[in-house]
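J.: The structure under discussion is supplied below as C-alpha cells; questions concerning it will follow.
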Amino acid sequence: MSAYVPVRPTSEGWKLRRPTATSALPARPGPGESRDDSTRRLIVVLEQACLETYKHSAPPGARGGKGEDKYSLLNCDDHQGVLAKMGRDIAHARPDITHQCLLTLLDSPLNKAGRLQVYIHTAKGVLIEVNPAVRIPRTFKRFGGLMVQLLHRLSIRSINGSEKLLKVIKNPITDHLPSQCHKITLSFDAKPVRLRDYLPTIPDTHSICVFVGAMAHGPDNFADHLVDEKVAISEYSLSASVACGKFCCATEDLFGVL
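Here the working numbering runs 212 ahead of the position in the sequence shown, where the first position is 1.
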C-alpha cells in the first residue's frame, strides 16, 4: 500500500504527499511504571470504531493533466451526500466518538501512571495499538488528518522517530492481551453493577480488559466470543466516552492512583 502524509487541509479534505520523514507527533513524557505482563492494568478496546478514509476525485483539467489525490476521514458532518449515494446510515460515520474516547482515556491519571493500554478495532476490521505516550490532537479536524495518515502509512512515529505512537497490528486482539486477563464488555441489558464494588471481585493477579462500543448505536454482541462476562455500569444509556471515564476513575481507585 502506498504511504502518504497529510500536507494541509483543503475544502475537500487533506491533500497528501509521499512522506519524506517519519516524524509526526510529539510524545508525552514516559509513564512512570512498567507495561509488561506483571504490571496489572486496565486495557480498553474501542470496538466497531468508525475510521474510514474517503478519496476525493481529482477535478478534470487539473494542473499537469492530473490532480493530486485528496483523502479525508469519512464523517457524518462533511460527507452526508457521499453517504447518501453509498446508501450508508450517517450513524455509521462517527469517528468523533473514537476521538472523544481517546481524549478521555489518554488524559486520565491512570494513563499517566502507566496503568492503561488502549486498542482500536475498526468496523472494517483494522486493529490499531495506541502508545500511551501519544498526544492525540485536541481538534477533530487535526485528528481526522492524523487518522488518514495512519490508515495509509500503517504507523505514526514520534517527532524524533524513536518510537511508534500509533500502529496497525495483526488481528486477533487476543494475541496482544496478557495471559492473565479478565475480559468484559458493556451491555445495557445486563444487570447494573457499581464498579467500585465489582472490580475488587476480579482476581488481583489479572489485568482488566473492557470492550467498549465506539459507535452511535447498534448491537453489543461485537465481543461475545471473547469476553468472560457482560455488565452494565449504569441504569442509563451512556456515551462511549463517559463509559471510558467511569472505568478509568474506578480503576484508579482500585489501583491506588491519585
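Each residue gets a CB set at the ideal place from its N, CA and C atoms; glycine is no exception.
Roughly how far, in whole angstroms, is the beta-carbon of V469 from the beta-carbon of L322, given that I think they are within contact range, below 8 Å?
T.: By a beta-carbon distance limit of 8 Å, V469 contacts L322. Their separation comes to about 6 Å.
J.: Would a C-beta distance cut-off of 8 Å place L407 and G356 closer than the cut-off?
T.: no
J.: In or out: N433 buried (at least 16 other Cβ within 10 Å) or exposed?
T.: exposed
J.: DSSP beta-bridge partners for T265?
T.: Note: T265 sits in a beta bridge opposite L285.
J.: Can you pull the DSSP bridge partners for H489?
T.: The displayed coordinates of the chain run from 213 to 470. Any statement about residue 489 would go beyond what the structure contains.
J.: Return the Cβ separation of I381 and L317 in integer angstroms, given the expectation that the two are a contact with Cβ distance under 8 Å.
T.: Rounded, the Cβ-Cβ distance is 18 Å, inconsistent with contact.
J.: Are the CB atoms of A452 and A335 within a distance shorter than 8 Å?
T.: Not a contact, by the Cβ cut-off of 8 Å.
J.: Under the DSSP definition of a beta bridge, which residues are partnered with T334?
T.: Answer by DSSP bridge pairing, in chain order: A261.
J.: Please report how far the alpha carbon of T232 lies from the alpha carbon of Y283, in whole angstroms.
T.: Its pLDDT being 36, under 50, T232 is placed unreliably by the model, and nothing is read from it.
J.: Following the continuous alpha helix (DSSP H) through P463, name the residue where it begins and the one where it ends.
T.: The question names Pro, but residue 463 is Thr in the sequence shown. It spans A452 to F467 - the alpha helix (DSSP H) in which T463 sits, taken as one unbroken run.
J.: Would Y448 be called buried (16 or more neighbouring beta carbons within 10 Å of its own) or exposed?
T.: exposed
J.: For T471, count neighbouring C-beta atoms within 10 Å of its own C-beta (all shown protein chains included) and say buried if the count is 16 or more, exposed if not.
T.: Because the chain in this structure spans residues 213 to 470, residue 471 falls outside the shown range and cannot be described.
J.: Hey, could you find the ends of the alpha helix (DSSP H) R369 is sitting in?
T.: No alpha helix (DSSP H) contains R369, which is instead part of the beta strand (DSSP E) from S367 to S370.
J.: List the whole-angstrom C-beta distance separating E259 from H304, where the pair is believed to meet the contact cut-off of C-beta under 8 Å.
T.: The Cβ separation is near 14 Å, so there is no contact.
J.: How about the stretch 453-461 and the stretch 290-301: do they share at least three Cβ pairs that are nearer than 8 Å?
T.: no
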